[in-house]
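Worksheet for the structure shown next.
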Amino acid sequence: MQKCSVSVARRPESVGLDVVLQGWVRTRRDSKAGFSFLELNDGTCLGNIQIIAQATLPNYDGEIKHLGPGCSVTVEGRVQASPGKEQSTEVLATRVVVHGKADPASYPLQKKHHSFEFLRTIAHLRPRTNTFGAIARVRNCVCNSIHQFFQEEGFLYIHTPIITTSDCEGAGQMFRVTTLDPANPPWLNEEIDYTKDFFGRPAFLTVSGQLDAEALACALGKVYTFGPTFRAENSNTSRHLAEFWMVEPEMAFFELADNMDLAERFLKRIFRDVLHRCAEDMQFFNTRIDPTIVATLENIVGSQFVRLSYTEAVEILKSSGQKFEFPVGWGHDLQAEHERYLTEQRFKAPVILFDYPRTIKPFYMRLNDDGRTVRAMDVLVPKVGEIIGGSQREERYDVLLERMKEQGLDPEDYWWYLDLRKYGTVPHSGFGLGLERAVQFITGMGNIRDVIPFPRTPGSADF
Ligand code: 4AD
Ligand code: MG
Numbered sequence: 004m005q006k007c008s009v010s011v012a013r014r015p016e017s018v019g020l021d022v023v024l025q026g027w028v029r030t031r032r033d034s035k036a037g038f039s040f041l042e043l044n045d046g047t048c049l050g051n052i053q054i055i056a057q058a059t060l061p062n063y064d065g066e067i068k069h070l071g072p073g074c075s076v077t078v079e080g081r082v083q084a085s086p087g088k089e090q091s092t093e094v095l096a097t098r099v100v101v102h103g104k105a106d107p108a109s110y111p112l113q114k115k116h117h118s119f120e121f122l123r124t125i126a127h128l129r130p131r132t133n134t135f136g137a138i139a140r141v142r143n144c145v146c147n148s149i150h151q152f153f154q155e156e157g158f159l160y161i162h163t164p165i166i167t168t169s170d171c172e173g174a175g176q177m178f179r180v181t182t183l184d185p186a187n188p189p190w191l192n193e194e195i196d197y198t199k200d201f202f203g204r205p206a207f208l209t210v211s212g213q214l215d216a217e218a219l220a221c222a223l224g225k226v227y228t229f230g231p232t233f234r235a236e237n238s239n240t241s242r243h244l245a246e247f248w249m250v251e252p253e254m255a256f257f258e259l260a261d262n263m264d265l266a267e268r269f270l271k272r273i274f275r276d277v278l279h280r281c282a283e284d285m286q287f288f289n290t291r292i293d294p295t296i297v298a299t300l301e302n303i304v305g306s307q308f309v310r311l312s313y314t315e316a317v318e319i320l321k322s323s324g325q326k327f328e329f330p331v332g333w334g335h336d337l338q339a340e341h342e343r344y345l346t347e348q349r350f351k352a353p354v355i356l357f358d359y360p361r362t363i364k365p366f367y368m369r370l371n372d373d374g375r376t377v378r379a380m381d382v383l384v385p386k387v388g389e390i391i392g393g394s395q396r397e398e399r400y401d402v403l404l405e406r407m408k409e410q411g412l413d414p415e416d417y418w419w420y421l422d423l424r425k426y427g428t429v430p431h432s433g434f435g436l437g438l439e440r441a442v443q444f445i446t447g448m449g450n451i452r453d454v455i456p457f458p459r460t461p462g463s464a465d466f
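Numbers in our numbering are just positions in the sequence shown, counted from 1, shifted up by 3.
Written as structure tokens, this is what we have:
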């Protein structure tokens with residue numbers, strides 16, 4: 004008798020096997036004919052397995068007959084073909100060991116349907132629901148694809164620091180890391196003296212691993228970093244988290260067009276893998292969350308992304324005849340409503356926007372010959388908007404120095420980053436994919452707080 008997952012026990016070819024199954028009861032139904040049905044789930048797949056527990060089992064009256072949602076059990080038994088229409092197999096139990104009861108009077112997942120808002124308040128239990136189990140499996144599949152894709156493409160997986168002293172995006176939205184006592188910090192002329200702090204200078208949680216990744220790409224060629232990133236922006240939206248995961252490839256000798264090609268192939272690979280490897284979960288999202296999601300992904304995998312310069316996009320938006328809340332004008336950042344118009348109404352496809360105004364993008368992006376735009380690229384998808392942000396990097400020392408000064412940065416703070424342009428500089432490019440935005444898009448989930456197990460947002464860091 005071997006431990007077996009529910010996903011394996013549900014396969015028709017498992018009929019005849021003696022198995023040990025372990026998981027949590029979803030429901031119990033009693034038959035008048037002297038046995039009970041237990042629906043068991045162990046997280047390995049969306050579907051449950053039906054357990055038949057006969058009244059002849061020694062603990063039937065004492066324990067089994069009292070099992071309900073949330074109880075944990077080990078079941079030994081034989082897999083047999085099921086006469087039911089819903090499933091092809093079931094398990095006839097020879098032994099049921101009860102590990103943990105769940106009092107039906109207080110267990111919060113008694114009833115079948117709960118709002119996502121309510122489930123956020125029980126983030127420790129929501130993984131036991133169909134939706135959150137499916138999200139966890141899709142998220143795992145996406146991460147697996149990310150690694151497979153880059154490994155197959157010859158990238159090195161590198162690790163960039165989480166604690167940093169530089170603000171990559173220059174937006175000043177960083178969480179401070181300090182060991183100073185807030186009640187009694189060391190003062191120096193009315194200001195806190197951070198030379199007395201742990202690192203001898205102000206330090207923060209990183210907003211992006213890009214700058215360090217560039218140093219490695221400028222020695223190793225093609226690299227990617229994949230880790231948590233942190234933004235202290237006070238955005239209470241369905242697309243923003245204060246802590247999210249980002250995968251950032253960085254490639255020496257890549258120009259912007261190479262970067263766009265890579266991003267497109269990369270996303271298609273992820274979507275294709277999820278459709279193929281998580282078919283049951285994706286069908287669930289298609290039925291329960293968004294009836295267009297599978298067709299949308301299949302379409303995207305088989306067609307080309309639209310590529311459009313920022314300037315062209317502004318022209319399209321201006322002449323669209325559409326009423327927008329935020330005005331459209333060259334030089335202004337595009338708002339979610341503008342991005343959605345382009346992807347959902349105008350092109351009905353992912354759109355890669357490139358060559359943005361220099362004034363609305365960070366210092367590190369390569370200046371175009373027009374002097375007004377930089378070699379930026381954002382990948383936009385329907386509903387979610389921007390899921391990738393990237394650029395060709397400024398590799399010319401003098402131009403980079405000017406851009407830093409223009410954006411009020413102290414070049415001394417970035418001396419090592421400037422060094423990369425002083426010694427053997429090369430054209431190079433990279434981008435960042437927000438993992439949660441990708442999972443949100445793939446599953447059709449409306450709120451980004453529901454695609455990470457324990458979300459961190461302004462005012463909320465429970466669990
Ligand atoms: O566009 P962003 O800010 O780009 C960078 O950080 C670059 N340094 C990346 C690079 O070139 N290596 O962020 C990249 C992506 C966004 O497109 C979005 O998907 C995600 O990260 N993202 C967020 N996801 C959730 N919550 C937030 N607050 C996010 N901010 C950005
Ligand atoms: Mg961006």
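The C-beta atom is built at its ideal place from N, Cα and C for all residues, glycine as well.
Taking just the CA atoms, how far does Gln154 sit from Glu253? Position 250 of the sequence shown, counted from the start, is the residue given in the question as residue 253. Position 151 of the sequence shown, counted from the start, is the residue given in the question as residue 154. Looking at the two C-alpha atoms, the distance is approximately 14 Å.
Review point. Using 8 Å as the threshold, is the segment 133-145 in touch with the segment 277-289, meaning 3 or more CB pairs across them?
Key: yes
| Between the segment 189-206 and the segment 233-247, do three or more beta carbon pairs fall short of 8 Å? | no
Exercise for the section: Determine the direct distance from the alpha carbon of Tyr417 to that of Ile52, and round the result to whole angstroms. Expected result: Translated into positions along the sequence shown, residue 52 becomes position 49. Translated into positions along the sequence shown, residue 417 becomes position 414. Taking the straight line joining both Cα atoms gives about 58 Å.
- Message: For a quick check, are the C-beta atoms of Val226 and Ile445 less than 8 Å apart?
- Response: Locating residue 226 in the sequence shown gives position 223, counting from the first residue. Locating residue 445 in the sequence shown gives position 442, counting from the first residue. No; because the gap between Cβ atoms is not below 8 Å, this pair is not in contact.
| query | Considering Tyr420, what are the terminal residues of the beta strand (DSSP E) in which it resides? | reply | As a first step, residue 420 must be located in the sequence shown, where it is residue number 417. No beta strand (DSSP E) contains Tyr420, which is instead part of the alpha helix (DSSP H) from 418-425.
> Which value, in whole angstroms, describes the spacing of the CA atoms of Val304 and Ala464?
Replying inline: The sequence position of residue 304 within the sequence shown is 301, counting from 1. The sequence position of residue 464 within the sequence shown is 461, counting from 1. Taking the straight line from one Cα to the other gives about 36 Å.
Q) Going by alpha carbons, who is nearest to Val99 out of Ser85, Ala108, Thr59? A) Within the sequence shown, the letter at position 96 stands for residue 99. Out of Ser85, Ala108, Thr59, Thr59 has the C-alpha closest to the C-alpha of Val99.
*asked:* Less than 8 Å between the beta carbons of Tyr420 and Phe357, yes or no?
replied: Within the sequence shown, the letter at position 417 stands for residue 420. Within the sequence shown, the letter at position 354 stands for residue 357. No.
**Asked** If you drop the 5 nearest sequence neighbours on each side, which residues of the same chain put their C-beta closer than 7 Å to that of Ser532?
**Response** Residue numbering for the chain in the displayed model covers 4 to 466; residue 532 lies beyond these limits and cannot be assessed.
Review point. Can you tell me whether DSSP reads Phe119 as helix, strand or coil?
Key: Here residue 119 refers to the residue found at position 116 when the sequence shown is read from its first residue. Helix, per DSSP.
Quiz item: Per DSSP, Ser39 is paired with what?
Solution: On the sequence shown, residue 39 is found 36 positions in, with the first residue counted as 1. Answer is Asp33, Ala56.
- Tell me, please, whether the segment 159-179 touches the segment 309-326 by the rule of three or more beta-carbon pairs shorter than 8 Å. no
Mind listing, in chain order, the continuous beta strand (DSSP E) runs of no fewer than 3 residues lying wholly within the segment 91-176? 92-103, 159-161
- Query: How many angstroms separate the CA atom of Leu244 from the CA atom of His102?
  - Reply: Within the sequence shown, the letter at position 241 stands for residue 244. Within the sequence shown, the letter at position 99 stands for residue 102. In a straight line, the C-alpha of Leu244 is about 37 Å away from that of His102.
Tell me the DSSP bridge mates of Gly230? For this step, residue 230 is matched to residue 227 along the sequence shown. Beta-bridge pairing links Gly230 to Met249.
Return the chain-ordered ranges of every alpha helix (DSSP H) run that is complete within the segment 268-313 and spans a minimum of 4 residues. 282-291, 296-304
request  = Determine the contact status of Glu342 and Leu383, defining contact as a CB-CB distance below 8 Å.
outcome  = Locating residue 342 in the sequence shown gives position 339, where the first residue counts as 1. Locating residue 383 in the sequence shown gives position 380, where the first residue counts as 1. Yes; because the gap between Cβ atoms is below 8 Å, this pair is in contact.
Tell me, please, whether the segment 9-18 touches the segment 71-90 by the rule of three or more beta-carbon pairs shorter than 8 Å.
-> yes
**Message:** Among the candidates Ala186, Asp215, Phe119, Thr132, whose CA atom is the shortest distance from the CA of Val28?
**Reply:** Position 25 of the sequence shown, counted from the start, is the residue given in the question as residue 28. For Val28, the nearest C-alpha among the options comes from Thr132.
| query | If you drop the 5 nearest sequence neighbours on each side, which residues of the same chain put their C-beta closer than 6 Å to that of Ile273? | reply | Residue numbering aside, residue 273 sits at position 270 when the sequence shown is read from its first letter. The answer, listed in chain order, is Val145, Ser148.
When you compare only the Cα positions, how much space is there between Val317 and Pro385? On the sequence shown, residue 317 is found 314 positions in, with the first residue counted as 1. On the sequence shown, residue 385 is found 382 positions in, with the first residue counted as 1. Cα to Cα, Val317 sits roughly 18 Å from Pro385.
Kindly indicate which three-state DSSP category Leu183 falls into: helix, strand or coil? The sequence position of residue 183 within the sequence shown is 180, counting from 1. Leu183: coil per DSSP, three-state reduction.
- Query: Rounded to a whole number of angstroms, what is the C-alpha to C-alpha distance between Pro461 and Met4?
  - Reply: Here residue 461 corresponds to residue number 458 of the sequence shown, with the count starting at 1. Here residue 4 corresponds to residue number 1 of the sequence shown, with the count starting at 1. Each residue's alpha carbon lies about 50 Å from the other.
- Item | Residues proximal to ligand 2 by C-beta, any heavy atom closer than 7 Å | Asp381, Glu389, Gly392
- Message: The beta strand (DSSP E) that contains Arg431, what's its start and end?
- Response: Numbered from its first residue, the sequence shown carries residue 431 at position 428. First, the amino acid is wrong: residue 431 is His here, not Arg. That run of the beta strand (DSSP E) goes 431-437.
Quiz prompt | Best match in Ile455, Ala126, Gly46, Phe247 for proximity to Gly136 [C-alpha to C-alpha] | solution = For the purposes of this step, residue 136 is taken as the residue at position 133 of the sequence shown. Closest option to Gly136, Cα to Cα, is Gly46.
Examine ligand 1 and report whether any of its heavy atoms sits within less than 7 Å of the Cβ of Ser394. Residue mapping note: residue 394 aligns to position 391 of the sequence shown, counting from 1. Answer for Ser394: yes, Cβ within range of ligand 1.
inquiry  = Looking at the strands, I want to know which residues DSSP matches up with Gln395.
reply    = The residue given as residue 395 occupies position 392 in the sequence shown. DSSP, once it has assigned bridges, lists Ser432 as partnering Gln395.
(message) At a threshold of 7 Å, does Met249 count as lining ligand 1 (C-beta to nearest heavy atom)?
(response) In the sequence shown, residue 249 corresponds to position 246, counting from 1. For ligand 1, at least one heavy atom lies less than 7 Å from the Cβ of Met249.
* Asked: Is any heavy atom of ligand 1 found at a distance shorter than 7 Å from the C-beta of His335?
  -> Stepping through the sequence shown from its first residue, residue 335 is reached at position 332. Incorrect: His335 has no Cβ contact closer than 7 Å to ligand 1.
Is Phe257 buried or exposed, if buried means 16 or more other CB atoms sit within 10 Å of its CB?
-> For this step, residue 257 is matched to residue 254 along the sequence shown. Looking at its Cβ environment, which holds 16 or more other Cβ atoms inside 10 Å, Phe257 is buried.
Does any heavy atom of ligand 1 sit closer than 7 Å to the C-beta of Phe434? On the sequence shown, position 431 is the one that residue 434 refers to. It does: the Cβ of Phe434 is within 7 Å (strictly closer) of some heavy atom of ligand 1.
> Within 10 angstroms of its Cβ, does Thr346 collect 16 or more other Cβ (buried), or is it exposed?
Replying inline: On the sequence shown, position 343 is the one that residue 346 refers to. It is buried - the Cβ of Thr346 has at least 16 other Cβ atoms within 10 Å.
- [ ] Find the nearest neighbour of Asp264 within the set Ala126, Leu403, Val354, judged by alpha-carbon distance.
- [x] Stepping through the sequence shown from its first residue, residue 264 is reached at position 261. When each option's Cα is compared against that of Asp264, the closest is Val354.
Compare the Cα-Cα distances from Pro360 to each of Val23, Asp106, Glu315 and report the closest residue.
Position 357 of the sequence shown holds residue 360. When only C-alpha atoms are compared, the closest one is Glu315.
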